[in-house]
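In what follows, a structure is listed as structure tokens, so that the remarks can point back to it.
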Amino acid sequence: MELAPPTLDSATSGCGTHDVERPEPVSASMRRAKAGARAAHVTTGQVREDGSGRVTIECSCGMVLTNGPDWTVDEHIRLHRAEARYLALSAVAPAGMPRILPVDAARLPRLD
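Encoded structure:
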């Protein structure tokens, strides 16, 4: 089986012995959105546990993250951060970019 040769960056192509394949850069707006979501959703304070086994910690956005009957507080933290990152990236994603979830005109997910 023969593979097609990689595409070379034109800035380095033909300039000697070190042609380099370069990945496409992430847009600055998407990089800023991801960093902003990370900074806006930081756990704050101490983990609190009540006598019934409920565990909570606050997020810097004001939401209280907790465990539940089928999830840990760590899983809630991970989901919360992933949702925040998704919403931030969705808001700056180029219009028309193919998406898994349908989006409204503001490029945010439709919650039908």
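For the sequence shown, our numbering begins at 28 and goes up steadily by one. For glycine and all other residues, C-beta sits at the position ideal for the given N, C-alpha and C. All figures in this text were calculated on a predicted structure; none of them were measured in a lab.
| field | Close Cβ partners of residue 100 (< 8 Å) along its chain, the five nearest in sequence each way excluded | value | Residue 100 sits at position 73 when you count from the first residue of the sequence shown. 74, 82, 83, 84, 92, 93 and 94, listed in sequence order.
| field | Assigned exposure category for residue 86 - 16 Cβ within 10 Å defines buried | value | Locating residue 86 in the sequence shown gives position 59, where the first residue counts as 1. Under this definition residue 86 is a buried residue.
| CA-CA distance, residue 66 and residue 79? | Within the sequence shown, numbered from 1, the residue matching residue 66 stands at position 39. Within the sequence shown, numbered from 1, the residue matching residue 79 stands at position 52. Roughly 32 Å between the two C-alpha positions.
| field | Rounded C-alpha distance that separates residue 103 from residue 130 | value | Residue 103 sits at position 76 when you count from the first residue of the sequence shown. Residue 130 sits at position 103 when you count from the first residue of the sequence shown. Between residue 103 and residue 130, the C-alpha separation is close to 24 Å.
| task | Go ahead and label residue 64 buried or exposed: buried means 16 or more other beta carbons lie within 10 angstroms of its beta carbon, across all protein chains shown. | result | Counting from one through the sequence shown, the residue named residue 64 turns up at place 37. Buried, because 16 or more other Cβ atoms sit within 10 Å of the Cβ of residue 64.
| field | Range of the contiguous alpha helix (DSSP H) that encloses residue 104 | value | Along the sequence shown, read from residue 1 onward, the residue named residue 104 stands at position 77. Here the alpha helix (DSSP H) through residue 104 covers 100–119.
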